[in-house]
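This report concerns only the one structure given below.
Residue numbers (the working numbering): 3 to 495.
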């Protein structure tokens, strides 16, 4: 029959049937489904083209009011959907429940279809069904992270409530969809987590009620973290402790080692190295200040100009959101989207959850500096580590030399202070030295801590054969280190 032939794309059989009975192109089968719907469902472009040429009604619905375009969205049949749209299919045609094709695409997790509808046909992403639910509600309910991410970046309203007062986060919590909930929290922040439905329930309360304890704990933890985020001691508390540690070591070194009671006065050699140690530590404090106060390389809306240069052209007939008109998205690489900053992240850029900004060449967030380590302050951070490691290593050697010196009086008290400093200095030096070596090793390969930790996740760090390949490597350790210390900071983001 015509419906089976359309479903399987048997164009020759369809032609014979249509020649015999032209009315069959619009005739429903026993379930009320038309041939064009079957062709659209299975992405039979040739069959759909033939049906349209022979007079098939493009916006005819089945018993539920769903058109061929709705059916194309069920399986993500994008070529057939584009054909239907060019032939006049209504993008905002609603079925008996108020679902437009965008809702169906979100319900089945077809991110590419959603992207196409927005970029080519400028669909309203906040259109609602009869229950007041948007595509974001449905994507969150079904737990599809990529559609959630894309819709948020398309400025879908994360705070919009349906007839029951439920936002997208409420529905993610009800169904226990942790990844979708995490994305919505990043986009909506505290307001999304404190929103209540008609019964006064927050998303956390609903997750707990439905037995999704891990998700409820996550939401509670995130809410507490957001409430504390702007607190000075939360952001800079460990940086103050780090400053106190360095100054404390310098004072201990001066009191217990350089001017130790009961120990002979330092000779010229030890005095020189003591001054070198203190000078190195002091310079390290200067670089610590630079690292702590510097812009780590925050990527803002100004990056949009470079995004546009890499964009695939879109139809000028529509008001296209240029932030998302990007080659990475046309290729379906949804991982490059940042749901908080709402643009496509350049390679090597990552959103810092603590600073709440995207940072170029993100390395890590360092609580001891109270700042993110990125492109603009990574070099200064490594210099700080080198200077402090050098200062502590020299101080340790001087302390050992002083410990072995002959002491005319008060030997136990003076050497006890030296020994105490040496142990404290060594315990501090060991992790700092290991971190310094690790950072220098990564700089020599031009790779960040974040990339090294997530090499399995980042497609740009893999060759066509699936092996590790670093696109930022300049070919040798020497060239990488030269670029890191002399050139890198001056390069544009």
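Glycine included, each C-beta is placed from N, C-alpha and C at the ideal position.
- Bridge partners of residue 374 according to DSSP: 367.
- Between residue 74 and residue 29, the gap from beta carbon to beta carbon reaches 8 Å or more.
- Our two residues, residue 233 and residue 192, have alpha carbons roughly 15 Å apart in a direct line.
- Only residues of its own chain outside the window of five on either side were considered, and among them 479, 482, 483 have a CB closer than 6 Å to the CB of residue 446, listed in chain order.
- For residue 359, the beta-bridge partners assigned by DSSP are 354.
- In this structure residue 338 is buried. Its beta-carbon is surrounded by 16 or more other beta-carbon atoms within 10 angstroms.
- Between residue 171 and residue 205, the gap from beta carbon to beta carbon is short of 8 Å.
- Relative to the Cα of residue 177, the nearest Cα in the group 216, 259, 57 belongs to 216.
- For the pair residue 16 and residue 46, the Cα-to-Cα distance works out to about 12 Å.
- DSSP lists 340 as the beta-bridge partner residues of residue 345.
- Burial state of residue 374 is buried, judged by a 10 Å Cβ sphere holding 16 or more other Cβ atoms.
- The continuous alpha helix (DSSP H) containing residue 144 extends over residues 137-144.
- With fewer than 16 neighbouring CB atoms inside 10 Å of its own CB, residue 81 falls in the exposed class.
- With contacts defined as CB atoms closer than 8 Å, residue 13 and residue 56 fail to qualify as a contacting pair.
- Per DSSP, residue 268 is not a residue of any alpha helix (DSSP H), being assigned neither H nor E.
- For residue 68, no alpha helix (DSSP H) run applies, since DSSP gives it neither H nor E.
- Counting other Cβ atoms within 10 Å of its Cβ, residue 422 stays below 16 and is therefore classed as exposed.
- Classified as buried, residue 105 has 16 or more neighbouring CB atoms from the shown chains inside 10 Å of its CB.
- Assigned with DSSP and collapsed to three states, residue 464 falls in strand.
- Assignment of residue 301 by DSSP, reduced to helix, strand and coil, places it in the strand class.
- Membership of residue 384 in the alpha helix (DSSP H) is indicated by the continuous run 380-405.
- Bounds of any alpha helix (DSSP H) do not take in residue 92, whose DSSP letter is neither H nor E.
- Beta-bridge partners of residue 470 (DSSP): 464.
- Counting C-beta pairs closer than 8 Å gives fewer than three between the segment 425-434 and the segment 470-479, which falls short of the contact rule.
- Contact check for residue 388 and residue 438: beta-carbon distance about 6 Å, within the 8 Å limit, so the pair qualifies.
- For residue 117, the enclosing alpha helix (DSSP H) covers residues 113-123.
- Scanning its chain for C-beta atoms nearer than 7 Å, with the 5 sequence neighbours on each side dropped, one finds around residue 386 the residues 286, 289, 290, 293, in chain order.
- When secondary structure is reduced to three states using DSSP, residue 47 falls in the helix class.
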